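One structure is given here, and the rest of the page talks about it.
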């Protein structure tokens with residue numbers, strides 16, 4: 002649901018006659034709604050059962066996804082995506098908090114496996130969008146997604162009735178960071194206690210850089226392939242899966258090595274490797290360009306399980322939902338500025354130049370982890 006819009010960017014751009022800046026604005030508004038909503042979602046997940054919150058998010062998303070068929074001007078389209086983003090925001094803080102409080106060992110692998118599922122969705126999104134748009138309007142992609150959304154809602158409702166009341170019984174009695182209060186999370190308390198810690202603020206900065214890269218790449222790779230490499234719009238949407246398809250492998254590898262080599266090592270290595278790859282992409286022929294994007298799409302996601310594992314070790318269980326909510330806000334809120342920035346860069350300097358800001362962000366992400374490896 003969250004990745005279909007970036008994958009469809011060339012078709013939405015053509016349908017509404019948008020510039021790259023307006024494509025970035027639409028994607029930014031959608032992601033910002035997810036980020037802002039995640040703060041509320043984090044607070045709720047610390048106070049209430051997490052699985053019913055996820056179900057509510059699925060149901061609300063399904064309702065507004067169906068309303069895309071009524072949106073035929075840019076303002077209405079943007080409002081629908083904002084509402085959809087607010088409901089989507091209920092998922093990540095609740096789901097990640099649920100995993101954190103119910104997993105006692107190998108947490109990096111647990112987060113990695115969770116994100117493997119996400120990467121399967123990331124790979125399916127451009128594939129389904131491209132195939133459907135060959136025969137039908139791009140909006141039908143969201144109609145197809147309504148059916149699994151409702152199916153998973155029913156499954157989670159059933160699971161919630163069996164396990165929801167016992168969620169807090171799984172919380173770790175001996176958490177890494179004992180100086181946090183164990184009362185239900187509050188925004189003021191979280192800001193005054195948790196966000197003063199350097200380690201937590203650093204991981205939020207790293208999440209912003211990761212989201213800056215992933216969101217900007219997802220939005221403008223299809224447009225780049227269409228406009229700079231001469232690929233037809235529907236085929237460009239399909240080819241976007243080369244970047245998203247390897248994420249399942251990358252996240253599993255990242256989660257595995259986060260438990261073995263350490264989270265900082267995984268994050269530094271991942272960021273440093275993708276830096277030169279992004280610099281190479283604009284000048285490569287189509288075949289090697291696609292191959293390089295596929296390699297980048299495997300390596301970049303290794304960072305995410307390390308980010309999640311690091312945060313879960315730094316924050317007490319009573320505030321873990323709020324912590325992940327703020328993480329999503331950092332990513333979808335601040336990180337989503339890449340959509341706006343790259344849209345302007347693409348309009349002013351040409352679409353091929355959008356990869357250079359991504360490379361700079363990756364380099365900074367690697368440097369943020371270096372002193373922890375050598376210190």
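Numbering (the working numbering), first residue to last: 2 to 376. The beta-carbon is built from N, C-alpha and C at its ideal position, and this holds for glycine as well. Please read all numbers here as calculations on a predicted model, not as lab measurements.
Collapsed DSSP secondary structure at residue i in the structure displayed
{"i": "residue 23", "result": "helix"}
{"i": "residue 138", "result": "coil"}
{"i": "residue 47", "result": "helix"}
{"i": "residue 283", "result": "helix"}
{"i": "residue 116", "result": "helix"}
{"i": "residue 72", "result": "coil"}
{"i": "residue 91", "result": "coil"}
{"i": "residue 230", "result": "coil"}
{"i": "residue 198", "result": "coil"}
{"i": "residue 106", "result": "coil"}
{"i": "residue 9", "result": "coil"}
{"i": "residue 156", "result": "helix"}
{"i": "residue 36", "result": "helix"}
{"i": "residue 220", "result": "helix"}
{"i": "residue 4", "result": "coil"}
{"i": "residue 241", "result": "coil"}
{"i": "residue 298", "result": "helix"}
{"i": "residue 252", "result": "helix"}
{"i": "residue 262", "result": "coil"}
{"i": "residue 267", "result": "helix"}
Beta-carbon gap between residue i and residue j smaller than 9 Å
{"i": "residue 219", "j": "residue 4", "result": "yes"}
{"i": "residue 363", "j": "residue 253", "result": "no"}
{"i": "residue 281", "j": "residue 134", "result": "no"}
{"i": "residue 223", "j": "residue 237", "result": "yes"}
{"i": "residue 340", "j": "residue 248", "result": "no"}
{"i": "residue 107", "j": "residue 347", "result": "no"}
{"i": "residue 211", "j": "residue 304", "result": "yes"}
Option nearest residue i by Cα separation, candidates the options
{"i": "residue 15", "options": "235, 56 and 160", "result": "235"}
{"i": "residue 213", "options": "58, 46, 344 and 353", "result": "344"}
{"i": "residue 37", "options": "354, 321 and 325", "result": "325"}
{"i": "residue 90", "options": "369, 13, 259 and 327", "result": "327"}
{"i": "residue 63", "options": "119, 47, 2 and 34", "result": "2"}
Rounded straight-line distance, which links the Cα of residue j to that of residue i
{"i": "residue 176", "j": "residue 102", "result": "In this predicted model, residue 176 has a pLDDT of only 43, less than 50, meaning its place in the structure is not dependable enough to derive any value."}
{"i": "residue 250", "j": "residue 117", "result": "7 Å"}
{"i": "residue 75", "j": "residue 153", "result": "31 Å"}
{"i": "residue 65", "j": "residue 225", "result": "29 Å"}
{"i": "residue 377", "j": "residue 356", "result": "Residue 377 lies beyond the residue range present for the chain, which begins at 2 and ends at 376; the question has no answer from this structure."}
{"i": "residue 29", "j": "residue 342", "result": "10 Å"}
{"i": "residue 269", "j": "residue 329", "result": "21 Å"}
{"i": "residue 264", "j": "residue 25", "result": "31 Å"}
{"i": "residue 124", "j": "residue 132", "result": "13 Å"}
{"i": "residue 67", "j": "residue 58", "result": "14 Å"}
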